[in-house]
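In the working numbering, the protein residues as written are 48 to 116.
A virtual CB, placed ideally from N, CA and C, is assigned to each residue, including glycine.
A quick note: this is a predicted structure, and the numbers were derived from the prediction, not measured.
Read the structure below first, then the notes.
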């Protein structure tokens, strides 16, 4: 139910985005994406869950796709 609600509101988590981008973060799904987010958005409250808007998710996609080119 929670996943359906998040998709309805166009919110994506770092773990979901990491899977989409093909990251294999083992025991810590989404850690690669969260590391980037911490650098890009330093004002995000520490220890608070990341729920990305479409614009933030697109920024992450552009960053990682640009690295692999």
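Asked	Found
Same chain only: Cβ atoms within 8 Å of residue 36, ignoring 5 sequence neighbours per side	The displayed coordinates of the chain run from 48 to 116. Any statement about residue 36 would go beyond what the structure contains.
Contacting residues, own chain, Cβ-Cβ under 7 Å from residue 81 (five flanking each side not counted)	61 and 97
One or two residues paired with residue 99 in a DSSP bridge	59
Span of the alpha helix (DSSP H) around residue 86	78-87
Exposed unless 16 or more other CB atoms sit within 10 angstroms - verdict on residue 104	buried
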